[in-house]
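Novice: Each position in the sequence shown, counted from 1, maps to that position plus 97 in our numbering.
Backbone N, C-alpha and C define an ideal beta-carbon position, used for all residues, glycine too.
Have a look at this one.
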Amino acid sequence: MVAVTTKPVRMIDLILAKRTGAHHTKSDIGFLVDGIMDGSIPDYQLAAWLMAVCWQGMTLEETAWLTDAMRHSGQILDLSAIGPVIGDKHSTGGVGDKTTLVFVPLLAAAGIPMAKLSGRGLGHTGGTIDKLEAIPGFQVDISIEQFIKQVKEIGMAIGGQTAELAPADGKIYALRDVTGTVESIPLICASVMSKKLAAGANFIILDVKCGRGAFMETEEKAIELAQAMAEVGRILKRPVTAVVTDMEQPLGRAVGHTVEVIEAIETLKGNGPDDLTELCLELGSLALVHAGKAKDNSEARTKLQDLISSGKALSTFATLIKAQGGDDKVLTDYSLMPTAKHTKPFVVPGTGKKWLEHLDGKKVAEACKLMGAGRTKKGDPVNLAVGVVLQIKTGDETSGGATAAIVHYDTEEQFEAASKKLVEAFTFSDKFVAKPKLIKASIS
Ligand code: URA
Numbered sequence: 098m099v100a101v102t103t104k105p106v107r108m109i110d111l112i113l114a115k116r117t118g119a120h121h122t123k124s125d126i127g128f129l130v131d132g133i134m135d136g137s138i139p140d141y142q143l144a145a146w147l148m149a150v151c152w153q154g155m156t157l158e159e160t161a162w163l164t165d166a167m168r169h170s171g172q173i174l175d176l177s178a179i180g181p182v183i184g185d186k187h188s189t190g191g192v193g194d195k196t197t198l199v200f201v202p203l204l205a206a207a208g209i210p211m212a213k214l215s216g217r218g219l220g221h222t223g224g225t226i227d228k229l230e231a232i233p234g235f236q237v238d239i240s241i242e243q244f245i246k247q248v249k250e251i252g253m254a255i256g257g258q259t260a261e262l263a264p265a266d267g268k269i270y271a272l273r274d275v276t277g278t279v280e281s282i283p284l285i286c287a288s289v290m291s292k293k294l295a296a297g298a299n300f301i302i303l304d305v306k307c308g309r310g311a312f313m314e315t316e317e318k319a320i321e322l323a324q325a326m327a328e329v330g331r332i333l334k335r336p337v338t339a340v341v342t343d344m345e346q347p348l349g350r351a352v353g354h355t356v357e358v359i360e361a362i363e364t365l366k367g368n369g370p371d372d373l374t375e376l377c378l379e380l381g382s383l384a385l386v387h388a389g390k391a392k393d394n395s396e397a398r399t400k401l402q403d404l405i406s407s408g409k410a411l412s413t414f415a416t417l418i419k420a421q422g423g424d425d426k427v428l429t430d431y432s433l434m435p436t437a438k439h440t441k442p443f444v445v446p447g448t449g450k451k452w453l454e455h456l457d458g459k460k461v462a463e464a465c466k467l468m469g470a471g472r473t474k475k476g477d478p479v480n481l482a483v484g485v486v487l488q489i490k491t492g493d494e495t496s497g498g499a500t501a502a503i504v505h506y507d508t509e510e511q512f513e514a515a516s517k518k519l520v521e522a523f524t525f526s527d528k529f530v531a532k533p534k535l536i537k538a539s540i541s
């Protein structure tokens, strides 16, 4: 029988209780989040508690109470006037993940209002907000009032994550980042879900990434996280559908900012890479069936494919770009976006027939970061023009001397640094290699 903490009078009681694996009560969690917000709990005590959670975990009930208390730590958007189903989508972060840029206009074109708050890239993972800034004029810093107004008027908005929603998460996350306490399932679950719940959508689709390019490196851990988030959604009465998808290698072929926006636009035109297109159709059909806009997955897919082939999905993206001050001519003229000075192929080493056995997403991201595409700390500027466009993915047949990737770079030093990292990213085999499965599990 695991002890339950009694009414805390001091933070030390919570730390000691969690250190020994006891369960907190709802009022313990309320005390904790109130103390974080009013500053009465110092960082060193919060850090000790976070570490205890990393080792001892939390029950689903504790996680739901923490999520709920964090959600109530700031403003909560009320989108109920917009319609019965407002969608939101969240990815736990990865490399080459430009899904939101396709998904939001695609779903809005299908008649599901999309209210999406996104983040900037940090560490090796990219951020939607940075990618959108490659579109000239596109305003990501929109006020909450404008965000809601835009969802009402045109059925979609993508804004930057605001500090007014779930501010307790901002405080906790900053400390987790520097105390080695990011990789904890209950803490990630509460962090993601508190922000999603505060953002007001009443149907949440989560894409939990697993593999070397993601926070959750193994499939088991990613499934555990997806189940925890679906369960917390159920406890807090907000339907959540989660898919667990591969992030061992980058999603799609483009990794960078401008190059990823181009790939997203090509996907809306029906020319996207298979994996990105498949992910958007799978996530989209789950949403359409949930919203009652299709009776099953196959009808939903047909609808979404029609929206792409008719050009409606692309014109909906043009509407979004214009509404947020951007220049929609980028949809036909990619040179309007920041463009690297040079491109050069990175070639497959050796000679003869080979298969790409493994492609390390994290190393591809590091190659881009070495060219200035990533941040080391919050607020660092990013080079939107540089990037890597993969020409082969895991399981593809190739041969020595063929192009493995095209590097978009500004200086020779950047190309040299990126190439060294790319050598480590690609592993070849002279035997057949099967293509990996993209969607590993679906949880709702
Ligand atoms: N993304 C978040 O928003 N929070 C986490 O804890 C991890 C990823």
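Excluding the five sequence neighbours on either side, which residues of its own chain have a C-beta within less than 6 Å of the C-beta of V305, listed in chain order?
Specialist: Same-chain partners within the cutoff: T189, A319, L322, A323, A339, V341.
Novice: Please determine whether the Cβ atom of V483 lies at a distance below 6 Å from any heavy atom of the ligand URA.
Specialist: For V483, the shortest separation between its Cβ and any heavy atom of the ligand URA does not lie below 6 Å.
Novice: To the nearest angstrom, how far is the alpha carbon of K400 from that of A207?
Specialist: 8 Å
Novice: Just confirm the distance between the C-beta atoms of A327 and I540, as a whole number of angstroms; I'd bet it's less than 8 Å.
Specialist: 5 Å
Novice: Using 10 angstroms around the beta-carbon of M98, count the other beta-carbons present and answer buried if the total reaches 16, otherwise exposed.
Specialist: Since pLDDT at M98 reaches only 44, below the 50 mark, its modelled position is unreliable, and no value is offered.
Novice: For the region 141 to 156 against the region 113 to 126, are there 3 or more C-beta pairs whose distance is under 8 Å?
Specialist: yes
Novice: Can you give me the Cβ contacts of A315 inside the same chain, cut-off strictly under 7 Å, excluding the 5 residues immediately before and after it?
Specialist: Looking at the sequence itself, residue 315 is Thr, so the reference to Ala does not match. Scanning its chain for C-beta atoms nearer than 7 Å, with the 5 sequence neighbours on each side dropped, one finds around T315 the residues C307, in chain order.
Novice: At a cut-off of 6 Å, is I285 close to the ligand URA when judged by its beta-carbon and the heavy atoms of the ligand?
Specialist: For I285, the shortest C-beta to heavy atom distance toward the ligand URA is below 6 Å.
Novice: Given the structure, does S137 come close to the ligand HEM, in the sense that its CB is under 6 Å from one of the ligand's heavy atoms?
Specialist: In the structure shown, the ligand HEM is absent; the only ligands present are the ligand URA.
Novice: Under the criterion of a Cβ to heavy atom distance below 6 Å, does V82 qualify as lining the ligand URA?
Specialist: Outside the modelled stretch of the chain, which goes from 98 to 541, sits residue 82, for which no answer is possible.
Novice: Could you tell me whether the region 504 to 521 touches the region 370 to 384, using the rule of 3 or more Cβ pairs below 8 Å?
Specialist: no
Novice: Decide if P446 is buried, meaning its Cβ has at least 16 other Cβ atoms within 10 Å, or exposed.
Specialist: exposed
Novice: So for H120, helix, strand or coil by DSSP?
Specialist: strand
Novice: Exposed or buried, which one is P347 when buried takes at least 16 other CB atoms within 10 Å?
Specialist: buried
Novice: Whole angstroms is fine: what's the gap from R331's alpha carbon to L157's?
Specialist: 11 Å
Novice: Report yes if the CB atom of P336 is closer than 7 Å to the CB atom of R350, and no otherwise.
Specialist: no
Novice: Express the C-alpha separation of D343 and K537 in angstroms, rounding to a whole number.
Specialist: 7 Å
Novice: Going along the chain, which residues of its own chain have a beta-carbon closer than 6 Å to the beta-carbon of S291, five neighbours each way excluded?
Specialist: T164, M167, R168, A263, D266
Novice: For R217, count neighbouring Cβ atoms within 10 angstroms of its own Cβ and tell me buried if that reaches 16, exposed if not.
Specialist: buried
Novice: Considering only C-alpha positions, which residue in the set T495, M434, W162, T440 is nearest to K334?
Specialist: Closest option to K334, Cα to Cα, is W162.
Novice: Could you please give me the residues that DSSP links to S526 through a beta bridge?
Specialist: W452
Novice: For R107, count the other beta carbons within 10 Å of its own beta carbon; 16 or more makes it buried, fewer makes it exposed. Which is it?
Specialist: exposed
Novice: Return the residue from the list Y141, D527, A254 that minimises the CA-CA distance to P210.
Specialist: A254
Novice: Rounded to the nearest angstrom, how far is the Cβ of V485 from that of G353, given a contact under 8 Å?
Specialist: 7 Å
Novice: Taking the straight line between their C-alpha atoms, what separation do you get for D372 and K268?
Specialist: 36 Å
Novice: Do you know offhand how far T429's Cα is from E363's?
Specialist: 10 Å
Novice: Contact defined as beta carbons within less than 8 Å: I believe V479 pairs with D238. What is the distance between those atoms, to the nearest angstrom?
Specialist: Between V479 and D238 the beta-carbon gap is near 16 Å, outside 8 Å, which marks them as no contact.
Novice: With C-beta atoms as the reference, is A437 less than 7 Å away from A482?
Specialist: yes
Novice: List the whole-angstrom C-beta distance separating L303 from A144, where the pair is believed to meet the contact cut-off of C-beta under 8 Å.
Specialist: Wrong, their Cβ atoms sit about 27 Å apart, outside the cutoff.
Novice: In whole angstroms, what is the alpha-carbon distance linking M468 and Q247?
Specialist: M468 and Q247 have their C-alpha atoms some 36 Å from each other.
Novice: Would you please state the rounded distance, in angstroms, between the beta carbons of L97 and L535? I believe it to be under 8 Å.
Specialist: There is no way to answer for residue 97, as the model of the chain reaches only from 98 to 541.
Novice: Grouping DSSP H, G and I as helix and E and B as strand, with all else coil, what is A323?
Specialist: helix
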